[in-house]
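Protein chains: 2
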Amino acid sequence: MINEKRSHHCGVLTKEQAGEQVVLCGWVAKRRDHGGLIFIDLRDRSGIVQVVADPESAGSSFKTAEDIRNEYVIKVIGNVRLRDEDTINENIPTGTIEVLAHDIEVLNGAKTPPFYIKDGIDTDENLRLKYRYLDLRRPEMQRNLILRHKVAKLMRDYLDDNHFLEIETPMLCKSTPEGARDYLVPSRVNPGKFYALPQSPQIFKQLLMVAGMERYFQIARCFRDEDLRADRQPEFTQLDMEMSFMEVDEILELMEGLIHHIFKGALGKDIQIPFQRLTWDDAMDRFGSDKPDLRFGMELKNVSEAVQGCTFQVFNNVIANGGQVKCINVKGYADIPRRQLDELVKFCGIYGAKGMAWLQFPAEGGVKSSIAKFFSDENIEAIKKAAEVEAGDLLLFVADKPSVVAASLGALRIEMAKRRGLIDPDKLAFTWVVDFPMFEYNEEEKRYVAMHHPFTAPRDEDLPLLLTNPGKVYAKAYDMVLNGTEIGGGSIRIHRRDVQKKVFEAIGLSDEEAQEKFGFMMNAFEYGAPPHGGLAFGLDRLIMIMAQRDSIRDVIAFPKTQSASDLMTQAPNDVDEKQLRELHIKTSLLMKKDKEDK
Amino acid sequence: MINEKRSHHCGVLTKEQAGEQVVLCGWVAKRRDHGGLIFIDLRDRSGIVQVVADPESAGSSFKTAEDIRNEYVIKVIGNVRLRDEDTINENIPTGTIEVLAHDIEVLNGAKTPPFYIKDGIDTDENLRLKYRYLDLRRPEMQRNLILRHKVAKLMRDYLDDNHFLEIETPMLCKSTPEGARDYLVPSRVNPGKFYALPQSPQIFKQLLMVAGMERYFQIARCFRDEDLRADRQPEFTQLDMEMSFMEVDEILELMEGLIHHIFKGALGKDIQIPFQRLTWDDAMDRFGSDKPDLRFGMELKNVSEAVQGCTFQVFNNVIANGGQVKCINVKGYADIPRRQLDELVKFCGIYGAKGMAWLQFPAEGGVKSSIAKFFSDENIEAIKKAAEVEAGDLLLFVADKPSVVAASLGALRIEMAKRRGLIDPDKLAFTWVVDFPMFEYNEEEKRYVAMHHPFTAPRDEDLPLLLTNPGKVYAKAYDMVLNGTEIGGGSIRIHRRDVQKKVFEAIGLSDEEAQEKFGFMMNAFEYGAPPHGGLAFGLDRLIMIMAQRDSIRDVIAFPKTQSASDLMTQAPNDVDEKQLRELHIKTSLLMKKDKEDK
Numbered sequence: 001m002i003n004e005k006r007s008h009h010c011g012v013l014t015k016e017q018a019g020e021q022v023v024l025c026g027w028v029a030k031r032r033d034h035g036g037l038i039f040i041d042l043r044d045r046s047g048i049v050q051v052v053a054d055p056e057s058a059g060s061s062f063k064t065a066e067d068i069r070n071e072y073v074i075k076v077i078g079n080v081r082l083r084d085e086d087t088i089n090e091n092i093p094t095g096t097i098e099v100l101a102h103d104i105e106v107l108n109g110a111k112t113p114p115f116y117i118k119d120g121i122d123t124d125e126n127l128r129l130k131y132r133y134l135d136l137r138r139p140e141m142q143r144n145l146i147l148r149h150k151v152a153k154l155m156r157d158y159l160d161d162n163h164f165l166e167i168e169t170p171m172l173c174k175s176t177p178e179g180a181r182d183y184l185v186p187s188r189v190n191p192g193k194f195y196a197l198p199q200s201p202q203i204f205k206q207l208l209m210v211a212g213m214e215r216y217f218q219i220a221r222c223f224r225d226e227d228l229r230a231d232r233q234p235e236f237t238q239l240d241m242e243m244s245f246m247e248v249d250e251i252l253e254l255m256e257g258l259i260h261h262i263f264k265g266a267l268g269k270d271i272q273i274p275f276q277r278l279t280w281d282d283a284m285d286r287f288g289s290d291k292p293d294l295r296f297g298m299e300l301k302n303v304s305e306a307v308q309g310c311t312f313q314v315f316n317n318v319i320a321n322g323g324q325v326k327c328i329n330v331k332g333y334a335d336i337p338r339r340q341l342d343e344l345v346k347f348c349g350i351y352g353a354k355g356m357a358w359l360q361f362p363a364e365g366g367v368k369s370s371i372a373k374f375f376s377d378e379n380i381e382a383i384k385k386a387a388e389v390e391a392g393d394l395l396l397f398v399a400d401k402p403s404v405v406a407a408s409l410g411a412l413r414i415e416m417a418k419r420r421g422l423i424d425p426d427k428l429a430f431t432w433v434v435d436f437p438m439f440e441y442n443e444e445e446k447r448y449v450a451m452h453h454p455f456t457a458p459r460d461e462d463l464p465l466l467l468t469n470p471g472k473v474y475a476k477a478y479d480m481v482l483n484g485t486e487i488g489g490g491s492i493r494i495h496r497r498d499v500q501k502k503v504f505e506a507i508g509l510s511d512e513e514a515q516e517k518f519g520f521m522m523n524a525f526e527y528g529a530p531p532h533g534g535l536a537f538g539l540d541r542l543i544m545i546m547a548q549r550d551s552i553r554d555v556i557a558f559p560k561t562q563s564a565s566d567l568m569t570q571a572p573n574d575v576d577e578k579q580l581r582e583l584h585i586k587t588s589l590l591m592k593k594d595k596e597d598k
Numbered sequence: 001m002i003n004e005k006r007s008h009h010c011g012v013l014t015k016e017q018a019g020e021q022v023v024l025c026g027w028v029a030k031r032r033d034h035g036g037l038i039f040i041d042l043r044d045r046s047g048i049v050q051v052v053a054d055p056e057s058a059g060s061s062f063k064t065a066e067d068i069r070n071e072y073v074i075k076v077i078g079n080v081r082l083r084d085e086d087t088i089n090e091n092i093p094t095g096t097i098e099v100l101a102h103d104i105e106v107l108n109g110a111k112t113p114p115f116y117i118k119d120g121i122d123t124d125e126n127l128r129l130k131y132r133y134l135d136l137r138r139p140e141m142q143r144n145l146i147l148r149h150k151v152a153k154l155m156r157d158y159l160d161d162n163h164f165l166e167i168e169t170p171m172l173c174k175s176t177p178e179g180a181r182d183y184l185v186p187s188r189v190n191p192g193k194f195y196a197l198p199q200s201p202q203i204f205k206q207l208l209m210v211a212g213m214e215r216y217f218q219i220a221r222c223f224r225d226e227d228l229r230a231d232r233q234p235e236f237t238q239l240d241m242e243m244s245f246m247e248v249d250e251i252l253e254l255m256e257g258l259i260h261h262i263f264k265g266a267l268g269k270d271i272q273i274p275f276q277r278l279t280w281d282d283a284m285d286r287f288g289s290d291k292p293d294l295r296f297g298m299e300l301k302n303v304s305e306a307v308q309g310c311t312f313q314v315f316n317n318v319i320a321n322g323g324q325v326k327c328i329n330v331k332g333y334a335d336i337p338r339r340q341l342d343e344l345v346k347f348c349g350i351y352g353a354k355g356m357a358w359l360q361f362p363a364e365g366g367v368k369s370s371i372a373k374f375f376s377d378e379n380i381e382a383i384k385k386a387a388e389v390e391a392g393d394l395l396l397f398v399a400d401k402p403s404v405v406a407a408s409l410g411a412l413r414i415e416m417a418k419r420r421g422l423i424d425p426d427k428l429a430f431t432w433v434v435d436f437p438m439f440e441y442n443e444e445e446k447r448y449v450a451m452h453h454p455f456t457a458p459r460d461e462d463l464p465l466l467l468t469n470p471g472k473v474y475a476k477a478y479d480m481v482l483n484g485t486e487i488g489g490g491s492i493r494i495h496r497r498d499v500q501k502k503v504f505e506a507i508g509l510s511d512e513e514a515q516e517k518f519g520f521m522m523n524a525f526e527y528g529a530p531p532h533g534g535l536a537f538g539l540d541r542l543i544m545i546m547a548q549r550d551s552i553r554d555v556i557a558f559p560k561t562q563s564a565s566d567l568m569t570q571a572p573n574d575v576d577e578k579q580l581r582e583l584h585i586k587t588s589l590l591m592k593k594d595k596e597d598k
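Residue numbers (UniProt numbering), protein chains in the order written: chain A, 1 to 598; chain B, 1 to 598.
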């Protein structure tokens, strides 16, 4: 047994240690015989170093080295020495040295892993998830978790420096009727009653403002029992914040500082702040999205005026009915194959567009399209001007009501940018989207509903419109968008009872209903609630973007599958009857089975 | 409306700012009229400052000041000025200055709170919990949460400096048959199956070691559905850690550094490290407890030899049956009233002792006791020597089997120290308790069971005894004890399959049973598990001691009552039938009701 303590990590050894004796611990990444010697790539969290055993210097440990297999855990005493010129490996930081082993101890053996422990493997994700403890041993997965740790640390440092307090809020909460579906937890002590796991600490953080904490944050676990998509997990993590006595500008500035601090500290990237600010109206108008990807242009152009007087009835009818005609200019793609155009028509259909038209402007001049005949020369010139057309360009049009135009052309814009290779993966395009509409009209319920939540504060200048023209009221709400993904969002909250009352009235909620739904919160607000606001960042998604991964599962240590299962531990699982009895519940399945048994 | 931004926090203003204009925000802690002026104690998170409004300088704001009530939220523009000599208030840091108001804006009104917003109130705790947002506004509660934030920050800083990674583990876990009762979460997507909320991240942190993370920590929420005592909550927080390639000494040293860092950073206290280490045997022998309070002496003294040859049959019988006779020396308390002695007999009974004897050594000399007659002079002298008796002392004896002697005399030791005022609340007495027994014999099940958990590693030197004499095997387990409270504990884990197999055998677990109970973990350990160990600190309890509070509820923002309810939000609560249907469960209560309805 080797009694000496580990002296170094593998990945940090350089020429500096040449001649020194070192004690290393780690996993055998690779082992090979060559010319009577045994070479071991020894790996720990810091990286890999080459260990050499020759029969002379290793002595009795040479036999140990012979028996070693991949992923064995070993301890090595040896001397660092410079490699020969011709064996230097420039692909790894320790490539100029190696460790000549004197003593090798096997701390633990290992069976052959079901996949290679190395970067860039193309293994079925379910297998990776089942053997997550091996998947996480791969350096790229370790880097992701190290990045996540760093970012969380940087967040906390920044917020601590700015007088925020991290305060833990409960996980066993009250189920509320609003929002997504709750995960429920039956209570043993209170038969028939249930806790809910928090969808966010929203209520508690606002109460902490009433409690005078002034600046709160928490890296908080949140839960939503929704059907999962690629970028969703049943439990997810957000950096949650709330501040008192601050207006929108101050909050956005502080948050820009936070994001700058993170990117600088974790990636060494000096991002430019302040970020640009787009109003929600502008974002929808120019990019067809409230989370526009600004890494490329290709803005939506309104040609409703340019096409006036044309004989294309589809356009004319839409405009006559209050709709609009807009297009995007796909630069230099006039020679798009016809088959692709047909596909794009279908693509737009997914977003509700009844059709998509196009004008091709070949490089050699002129215009090519089955609908060109409906437009006068003046129309064409006006369209070219509005869409900044040059020879070789392709225009794609959607005519519909504004929401459908935005959704379909917005998606088409992203799609065409991908096809044309316009998206630089190394670029970081931040923007704020501000001034969201306070309400949106719900066609089904025939009433206005809150776009964010009913505690969001309207802009001061819009207060008079709350009851007279709710559709024109904008909220003090803001989202931070990075590369087309919403990474955070929040708002100033209402802190005055008279305003809150009007907002409830605007969404058709009576005083009684409001009291029933939001009672204890409304009460709390009567005891001296300060003006306050806040926001939350989705940590998983932010780290995913920073790590340039496509799935949030790659930045979560133990994620769940799309069926909300943990393939490693087999959760969720069956539990004992006794456990359910103590919780005063039965499963409907058991009840069905009971019946069958009878 | 005041457009200027807040310039200062209230509690930081000093003579330095005299003459400056400041903009303050906060709550009205007190408002009084005096000599035609209005005085407002303005409070924010940083402290309190006195604001003065006179009709001349305040102008139209004087009317505002007149209407202000306690807990109103206001914004003030004013000038800092020195107070007159005779109005200086030395009780508050800002007591040498005041702010002469020019402009006052009411940001929000407030109803009269149900209790005073100040330190040291004697309000029913249930009322405080119902209005927690007001209770937390009290400076002492804010200090507790600020302390908690600071400690968590210091922990993270220290661990980050020492190459630990904070890694989040799941909250929706697998229910395991061992340990305390789980909180369950029904799965909607997997009908009839349940998640469990984690009792600790034990399994995941060990798997992170298998994954090569080497040093892991997490400030983690844990859940146990047990009946609550004063110092327990259904959800609690622990600083959870696990390390690879480290032995006991290295871990304890690193943890001493952590605790030193915390006390220095949060309380300015330079505690002495390293801590003393008591073996479990010593702790039980000398203090009758595996979490001894070392702020005072009064150790348990074994007088089994000293009483040999006495005629007191109770003692003789106990010793003949393998038991022991021990006592504590309550210095200078020979004149204890008889009624108290009778109470103490009952007190010892709670801990299983069938009786308690005493010897009083009055200050004037001699010995007083109804049992004195059973002892020879030699016995008395030997007892006096063993228990270091001086004139005026009181000896309290328990004779029984060692476990009962320890439990009863250990509790009596604490009780007497309290009564005699021997416990200095400002003292911090740390100790490690190490070398816990690996197993304890379960009389009911007639077999050995693991004292910690079956993954705890035995001491190397005890490995040969695993199957031959399990009762003599000690574990590489350690607890950190502060002032008689276990604030943390852990162990080196087993990482070798052969040792694990023997431990399972020792507790009577077959290979099949082991596989069924701990299957995926056992599998993981076959793919190259490093030697590892770890521990966890109970954050709530640690902060409670640091804040010198008696209840962990005072250091948790939103705690639950002993019936696991949140009195503020009324959780747990009733939920919709639809929610339960989606989760494939029914409450037994509803089923009963159904039957009644039929």
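Note that beta-carbon positions come from the ideal geometry of N, C-alpha and C, so glycine has one too.
Compute the Euclidean distance between the alpha carbons of A/Lys598 and A/Ile121, then round it to the nearest angstrom. Bear in mind that the predicted position of A/Lys598 carries a pLDDT of just 46, short of 50, making it unreliable; the figure below should be weighed with that in mind. Those two C-alpha atoms are separated by around 53 angstroms.
Shortest alpha-carbon distance to B/Val189 belongs to which of A/Lys560, A/Phe361, A/Pro191? Comparing Cα positions, the closest option is A/Lys560.
Compute the Euclidean distance between the alpha carbons of A/Arg339 and A/Ser187, then round it to the nearest angstrom. Between A/Arg339 and A/Ser187, the C-alpha separation is close to 59 angstroms.
Whole angstroms is fine: what's the gap from A/Ile380's alpha carbon to A/Glu443's? Rounded to the nearest angstrom, the two C-alpha atoms are 37 angstroms apart.
Measuring CB to CB, does B/Val22 end up less than 9 angstroms from B/Asn91? No, the pair does not count as a contact, with Cβ atoms beyond the cut-off.
Beta bridge counterpart(s) of A/Pro437 as assigned by DSSP: Residue pairing by DSSP places A/Pro437 opposite A/Tyr474 in a beta bridge.
Under 9 angstroms between C-beta atoms, does A/His453 make it to chain B? False, the Cβ-Cβ gap to chain B never drops below 9 angstroms.
At a CB-CB cut-off below 7 angstroms, which residues of chain A make contact with B/Leu134? In chain order: Tyr527.
Would you list the residues sitting across from A/Pro186 in a DSSP beta bridge? A/Phe194.
Chain B contact for A/Ile203 (CB, 9 angstroms cutoff): Yes - at least one Cβ of chain B is within 9 angstroms of the one on A/Ile203.
Please state whether DSSP places B/Lys598 in a helix, a strand or coil. Model confidence at B/Lys598 stands at a pLDDT of 46, short of 50, so the residue's coordinates are unreliable and nothing is read from them.
By the criterion of Cβ-Cβ separation under 7 angstroms, what are the contact partners of A/Leu107 in chain B? Against A/Leu107, the close residues of chain B are Pro530, Pro531, in the order they occur along the chain (beta-carbon pairs closer than 7 angstroms).
Leaving out five residues before and five after B/Gly288 in sequence, what residues of the same chain have Cβ atoms less than 6 angstroms from its Cβ? Counting only residues of its own chain and dropping the five nearest sequence neighbours on each side, B/Gly288 has a CB closer than 6 angstroms to the CB of Leu300, Ala406, Leu409, Gly410.
Taking a cut of 7 angstroms between CB atoms, which residues from the segment 456-475 of chain A lie near chain B? Along the segment 456-475 of chain A, there is no position whose C-beta sits under 7 angstroms from a C-beta of chain B.
As a quick exercise: from A/Asp550, A/Val73, A/Asp157, pick the residue whose alpha carbon is nearest that of A/Ile259. For A/Ile259, the nearest C-alpha among the options comes from A/Asp157.
Using the C-alpha atoms, what's the distance from A/Lys517 back to B/Lys269? So the alpha carbons of these two residues sit roughly 48 angstroms apart.
Just checking: is the beta-carbon of B/Asn573 within a distance shorter than 9 angstroms of some beta-carbon in chain A? Chain A, which has a Cβ nearer than 9 angstroms to the Cβ of B/Asn573, makes this yes.
How big is the Cα-Cα spacing for B/Val433 and A/Arg277? For the pair B/Val433 and A/Arg277, the Cα-to-Cα distance works out to about 59 angstroms.
Tell me which residues of the segment 182-193 of chain B have at least one Cβ-Cβ distance to chain A shorter than 9 angstroms, keeping chain order. Result list: Asp182, Tyr183, Leu184, Val185, Pro186, Ser187, Arg188, Val189, Asn190, Pro191, Gly192, Lys193.
Identity of the residues DSSP links to B/Ser244 by a beta bridge: Paired residues: B/His532.
For B/Pro454 versus B/Ile507, is the C-beta distance shorter than 9 angstroms? Yes, they are a contact pair.
Counting C-beta neighbours from all protein chains within 10 Å, is the total for B/Thr311 16 or more, i.e. buried, or is it exposed? With fewer than 16 Cβ atoms within 10 Å of its Cβ, B/Thr311 is classed as exposed.
Does A/Ala353 have its Cβ less than 9 angstroms from a Cβ in chain B? Not closer than 9 angstroms to any Cβ of chain B, the Cβ of A/Ala353 fails to qualify, so no.
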